[in-house]
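J.:
There are 2 protein chains.
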Amino acid sequence: MDLDAQAHRSSALPAGGAQRGGSGIPGGRRKQRVSMADVAKLAGVSSQTVSRVSTGHPSVVDSTRRQVLAAMRQLGYRPNSAARALRYGRFNTIGVILFGLSSTGNSRTVEAIAAHAAAEGYAITLIPVGVPTQDNVLGAFTRMGELAVDGVVIIIEVHLLDASTVALPPGVHMVVVDSDAGDRYPVVDTDQADGARQAVHHLIDLGHRTVWHVAGPAESYAGERRTAAWRQTLTEAGLPIPPIERGDWSAESGYRAGLRLADQAGCTAIFVANDQMALGVLRALNERGRTVPAQVSVVGFDDLPDASSYQPPLTTVHQDFAAVGQRCVQTLLRQIHDEPIDPGTNLVPTRLIVRSSTAPPPLADRAARECRG
Amino acid sequence: MDLDAQAHRSSALPAGGAQRGGSGIPGGRRKQRVSMADVAKLAGVSSQTVSRVSTGHPSVVDSTRRQVLAAMRQLGYRPNSAARALRYGRFNTIGVILFGLSSTGNSRTVEAIAAHAAAEGYAITLIPVGVPTQDNVLGAFTRMGELAVDGVVIIIEVHLLDASTVALPPGVHMVVVDSDAGDRYPVVDTDQADGARQAVHHLIDLGHRTVWHVAGPAESYAGERRTAAWRQTLTEAGLPIPPIERGDWSAESGYRAGLRLADQAGCTAIFVANDQMALGVLRALNERGRTVPAQVSVVGFDDLPDASSYQPPLTTVHQDFAAVGQRCVQTLLRQIHDEPIDPGTNLVPTRLIVRSSTAPPPLADRAARECRG
DNA sequence: TGCCTAGATGTTTACGTAAACATTCAACGT
DNA sequence: ACGTTGAATGTTTACGTAAACATCTAGGCA
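So the sequences go chain by chain: S and L. Heads up: take any position in the first sequence, counting from 1, add 97, and you land on the working numbering. Heads up: take any position in the second sequence, counting from 1, add 97, and you land on the working numbering.
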């Protein structure tokens, strides 16, 4: 790898554009990049032939092709994607607008998006929004308008986009992840409701009289969907609905919520809205001497890679982030290629992973319905 | 937001490029994007004036500027970044080559890179490498060569780049994260060695007779650096060097290593090469009835957000991923702008976060040197 | 032999932008 | 009054690529 040579070259060049290069004089101004014309000259063909070789056009005779390829290698030619994009009117790039990658699922979703986009010949550009204020989101949209993207995946609570002043630049397609705006935009999302339902049902089926809940922040639609499904599942089962504890997705907030729940006498089962908070809940219960799962059962949501190593290994709802990313790319590319897309929300199924943090309640707390079995 | 209008428009258009548009006839073929010329025509000025307004050039009289801005808004003009990139020879984009975002620090580093790049007017493009084979890395480099980036941050064990056949396309600058190739490429890295040293010293200072070690995979230079520093620190302290247990960074592998260590009689202190494996170690020790920190002390590395909620809260080495990302961007931009860069490795300091997983060893195991204090 | 066909290659042009250069015009000084 | 200046704006051109069109060559067939 010739890093050194490169560094030397660039530092040896005349600094600014002082020479104001006459048209084609190489070496005058920094002839930064090798163009097709350069390759063509060396190979003794026209630049169009170089173009044909570059794009794999069939009607180039083999000897010519080899000659051109040799010249390309010799000069270190690489196609100028800006010129290509200009020519084609396409960037072959997908933008991803998000708050941050540190949030649990985002990084894995983005990873999947990147992987699948790459497989389709698309690169992805990250457009981070620092703080999720409406102003910042608008700013991201403005920036995105100037960005070299053919479409965007928006991994942001969509209600932040509802300011009527936002005008999405025409020609930019979009897919929204993690939202309930199913009828306004194409949406891909994990089936939050069904996941929560499975979690709560699991606990009910084990014989618990009810299921307590540590919810995510109220601003999160994904969180709210999980909470709503928790409530509905309990209602359908004719069980009482305990008061909600609320966290901010962090393990620390789960710990605080867990301390409060540990003091609730009748609390034998907890559905926690994500695994990180569940980690905190487990610690709180342990500190308060309430054993899991003998005295209290805990179910999480996400199935983080670490969840199987919690103490005890966590029963949780598995989210298929890879599938979400894959469907995002697929939906977006269909739009970009002017193909029809299935309207409405594209739900990715979840499944419950049963580990060691759930068990039937202590005998004293066992529900009557358990006796059916 | 006029998503609907957009959708209708695009579906109402003639599908393929059947019309093969005569040169400038609008409406023939899809006149996809609004150009400066369109704005100029509407505003009754030359396209150069539109350009001047667009770039904020001072010599445009206010009335003209307002006229142009109005026309821009009316037509929904947005600059074509491909044309700009072609004109300027710059993309204002930084590429990031990595394996995956799920790996611990990567997502946070990338996040920081994205944030700082955005602040400098640069977007970032993700170039994921599926499996870290040499072939794939080469593939990524090839793709990157064709990509619209002015520089790349490489978050990949650098020895995968050492195939002599890799020719980095000239004109693309690079910074390597997480490597020991300090003299060949500009490198930004967490000070792995010092972090490990702090961790081991902490345990020694608590009076442990030696410190056992759960290492990362042998292929990881970052991991090897931590291991080497662990060994050196013990050696300098004149302490014996126990056999190494090795994991693959995952909590599960940490668990398995922990089970093996739990059976080692003299093991009272463990330095684990990352927090995730430490989580597994904690579980293994707990299962084997060895209490932390009373019987065994554990120190991790990374300071994941969750580490403070482990059981017990983990003493660990804090990595400043944000600083790493920031310095990457800074170093890269200096190269891109032809400014001199400080050669060699740019080390980001770490600091030990002492929580509840470390304590002096049980009396029977206390080292003689402890009596000095 | 000469025309026709098809495949290989060369030439022209447009994509949207902005630097460089050219032009216009009003304000100013002598 | 007239030339000079400089600010505002218009015109030309190049950036690198690839489609569209033009040209050229060799081989097939009457």
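Cβ coordinates follow ideal geometry from the N, Cα and C atoms, glycine included. All of these numbers come straight from a predicted model, not from anything done at the bench.
1. Starting from S/Ala348, find everything on chain L with Cβ-Cβ shorter than 8 Å and list it in chain order.
2. Would you kindly work out how many angstroms separate the C-alpha atoms of S/Glu349 and S/Tyr219, rounded to a whole number?
3. Going by DSSP, name the residue or residues bridged to S/Thr413.
4. Sort L/Val226, L/Val272, L/Ile253 and L/Tyr282 by Cα distance to L/Ile191 and report the nearest one.
5. Could you tell me the distance, in whole angstroms, from the CA atom of S/Glu436 to the CA atom of S/Phe188?
6. Consider the Cβ of S/Ile194: report whether some Cβ of chain L lies at a distance smaller than 7 Å.
7. Using the DSSP secondary-structure output, state which residues sit across from S/Pro225 in a beta bridge.
8. Touching or not, the stretch 195-215 of chain L and the stretch 442-455 of chain L, by the rule of three or more beta carbon pairs under 8 Å?
9. Which residue's Cα is closest to the Cα of L/Glu321: L/Gln289, L/Pro339, L/Glu333 and L/Ala211?
10. Taking buried to mean at least 16 other C-beta atoms within 10 Å of its own C-beta, is L/His472 buried or exposed?
11. Can you tell me whether S/Val147 is buried or exposed? The criterion is at least 16 other CB atoms within 10 Å of its CB, across all chains shown.
12. Taking L/Tyr318 as the reference, give the member of L/Ile338, L/Val308 and L/Asp286 with the closest Cα.
13. Start and end of the alpha helix (DSSP H) containing S/Ile367?
14. What residues of chain S sit near L/Gly292, judged by a beta carbon separation below 7 Å?
15. Within its chain, find whatever has a CB closer than 7 Å to the CB of S/His298; leave out the 5 residues flanking it on each side and keep chain order.
16. If we define contact as Cβ-Cβ less than 7 Å, is L/Thr222 a contact residue for chain S?
17. How many angstroms separate the CA atom of S/Pro43 from the CA atom of S/Ala179?
18. Using a 10 Å radius around the Cβ and a threshold of 16 neighbouring Cβ atoms, would you call L/Ser143 buried or exposed?
19. What residue range does the beta strand (DSSP E) around L/Gly335 cover?
20. Using a 10 Å radius around the Cβ and a threshold of 16 neighbouring Cβ atoms, would you call L/Ser261 buried or exposed?
21. Relative to the C-alpha of S/Gln353, which candidate in S/Pro340, S/Pro459, S/Leu376 and S/Arg452 has its C-alpha closest?
22. Please report the straight-line C-alpha distance between S/Gln427 and S/Ile252, rounded to a whole angstrom.
23. Within the chosen definition, does the stretch 294-312 of chain S reach the stretch 337-344 of chain S through at least 3 CB pairs nearer than 8 Å?
24. Using alpha carbons as the reference points, say which of S/Asp360, S/Gly153 and S/Arg170 lies closest to S/Ala140.
25. Chain L beta carbons: is any one of them nearer than 7 Å to that of S/Gly119?
26. Select from the stretch 347-377 of chain L all residues with a C-beta closer than 8 Å to any C-beta belonging to chain S, and list them in chain order.
27. Classify S/Asn443 as helix, strand or coil using the three-state DSSP reduction.
28. Please find out if some non-hydrogen atom of the ligand GDP comes closer than 6 Å to the beta-carbon of L/Leu379.
29. Can you find the residues in the same chain that come closer than 7 Å, C-beta to C-beta, to L/Gln373, ignoring five residues on each side of it along the sequence?
30. Contact between the stretch 411-419 of chain S and the stretch 204-212 of chain S is defined here as three or more beta-carbon pairs at a separation below 8 Å; is this criterion met?
31. When we look at the beta-carbon of S/Arg380 and count the other beta-carbons within 10 Å, is it buried (16 or more) or exposed?
32. Please name the residue, chosen from L/Ala212, L/Gln145 and L/Pro390, that lies closest to L/Gly304 on a Cα-to-Cα basis.
33. My guess is that L/Thr412 and L/Val451 are in contact by the Cβ rule of under 8 Å, so how many angstroms apart are they, rounded?
34. Using alpha carbons as the reference points, say which of L/Arg184, L/Gly186, L/Leu183 and L/Ala212 lies closest to S/Phe196.
35. Between L/Thr152, L/Gln164 and L/Leu401, which has its C-alpha nearest L/Val414's C-alpha?
36. Quick one: give me the first and last residue of the alpha helix (DSSP H) that S/Asp372 is part of.
T.: A quick look at the data gives this:
1. Taking the first residue of the first sequence as position 1, residue 348 of chain S is located at position 251. Simply Pro402, Asp403, Ser405 and Ser406.
2. Sequence index remark: in the first sequence, residue 349 of chain S carries index 252 (1-based). Sequence index remark: in the first sequence, residue 219 of chain S carries index 122 (1-based). Straight-line Cα distance between these residues: approximately 38 Å.
3. Within the first sequence, residue 413 of chain S is the residue found at index 316, counting from 1. Answer by DSSP bridge pairing, in chain order: S/Gly397 and S/Ile450.
4. Locating residue 191 of chain L in the second sequence gives position 94, where the first residue counts as 1. Of the listed residues, the one whose Cα sits closest to L/Ile191 is L/Val272.
5. Translated into positions along the first sequence, residue 436 of chain S becomes position 339. Translated into positions along the first sequence, residue 188 of chain S becomes position 91. Rounded to whole angstroms, S/Glu436 to S/Phe188 spans 18 Å at the Cα level.
6. For the purposes of this step, residue 194 of chain S is identified with residue 97 of the first sequence, where counting begins at 1. S/Ile194 does not count as touching chain L.
7. By 1-based counting over the first sequence, the position of residue 225 of chain S is 128. BP columns for S/Pro225 point to S/Leu195.
8. no
9. For the purposes of this step, residue 321 of chain L is taken as the residue at position 224 of the second sequence. Ranking the options by Cα distance to L/Glu321, first place goes to L/Gln289.
10. What is shown of chain L runs 98 to 470, which leaves residue 472 of chain L out entirely.
11. By one-based count along the first sequence, residue 147 of chain S stands at place 50. Answer is buried; the Cβ neighbour count reaches 16.
12. By 1-based counting over the second sequence, the position of residue 318 of chain L is 221. The option with the nearest alpha carbon to L/Tyr318 is L/Asp286.
13. Taking the first sequence and counting its residues from 1, the one referred to as residue 367 of chain S is at position 270. Per DSSP, S/Ile367 belongs to no alpha helix (DSSP H); it is in the beta strand (DSSP E), Ala366 to Val369.
14. Numbered from 1 along the second sequence, position 195 holds the residue referred to as residue 292 of chain L. The contacting residues do not exist; L/Gly292 stays about 20 Å from chain S at best.
15. As a working mapping, residue 298 of chain S is identified with position 201 in the first sequence. So the qualifying residues of the chain are Thr330.
16. Position 125 of the second sequence, counting from 1, holds the residue named residue 222 of chain L. Taking Cβ atoms only, chain S reaches closer than 7 Å to L/Thr222, which makes this a yes.
17. Nothing can be reported for residue 43 of chain S, as the shown portion of chain S is limited to 98 through 470.
18. Indexing the second sequence from 1 puts residue 143 of chain L at position 46. Label assigned to L/Ser143: exposed.
19. Here residue 335 of chain L is taken as the residue at index 238 of the second sequence, counted from 1. Neither: L/Gly335 is in no beta strand (DSSP E) and is coded neither H nor E.
20. As a working mapping, residue 261 of chain L is identified with position 164 in the second sequence. Unreliable placement is indicated for L/Ser261, whose pLDDT of 37 sits below 50; no coordinate value is reported for it.
21. Position 256 of the first sequence, counted from the first residue, corresponds to residue 353 of chain S. The sequence shown places Arg at residue 353 of chain S, not Gln. Checking every option, the nearest Cα to that of S/Arg353 belongs to S/Leu376.
22. Residue 427 of chain S sits at position 330 when you count from the first residue of the first sequence. Residue 252 of chain S sits at position 155 when you count from the first residue of the first sequence. Approximately 16 Å between the Cα atoms of the pair.
23. yes
24. The residue you call residue 140 of chain S lines up with position 43 of the first sequence. The candidate whose alpha carbon is nearest that of S/Ala140 is S/Arg170.
25. Translated into positions along the first sequence, residue 119 of chain S becomes position 22. Its pLDDT being 30, under 50, S/Gly119 is placed unreliably by the model, and the measurement read from it follows with that caveat. So, not an interface residue.
26. Ser347, Ala348, Glu349, Gly351, Tyr352, Gln373, Leu376 and Gly377
27. To locate residue 443 of chain S, count along the first sequence from 1; it is residue 346. Strand, per DSSP.
28. Inclusion of the ligand GDP in the displayed structure is not the case, the ligand content being empty and no account of it being possible.
29. As a first step, residue 373 of chain L is located in the second sequence; it is residue number 276 there, counting from the start. Contacts found: Thr201, Trp346, Ser347, Ala348 and Gly351.
30. yes
31. Numbered from its first residue, the first sequence carries residue 380 of chain S at position 283. When all chains shown are included, S/Arg380 counts as buried.
32. The count along the second sequence starts at 1 and reaches residue 304 of chain L at position 207. Looking at the Cα atoms, L/Pro390 is the closest of the given residues.
33. As a first step, residue 412 of chain L is located in the second sequence; it is residue number 315 there, counting from the start. As a first step, residue 451 of chain L is located in the second sequence; it is residue number 354 there, counting from the start. Between L/Val451 and L/Thr412 the Cβ distance is about 5 Å, and since that is below 8 Å, they are a contact.
34. Counting from 1 along the first sequence, the entry for residue 196 of chain S is found at position 99. The shortest C-alpha separation from S/Phe196 is found at L/Ala212.
35. For this step, residue 414 of chain L is matched to residue 317 along the second sequence. Closest option to L/Val414, Cα to Cα, is L/Leu401.
36. The residue you call residue 372 of chain S lines up with position 275 of the first sequence. Per DSSP, S/Asp372 belongs to the alpha helix (DSSP H) from Asp372 to Glu384.
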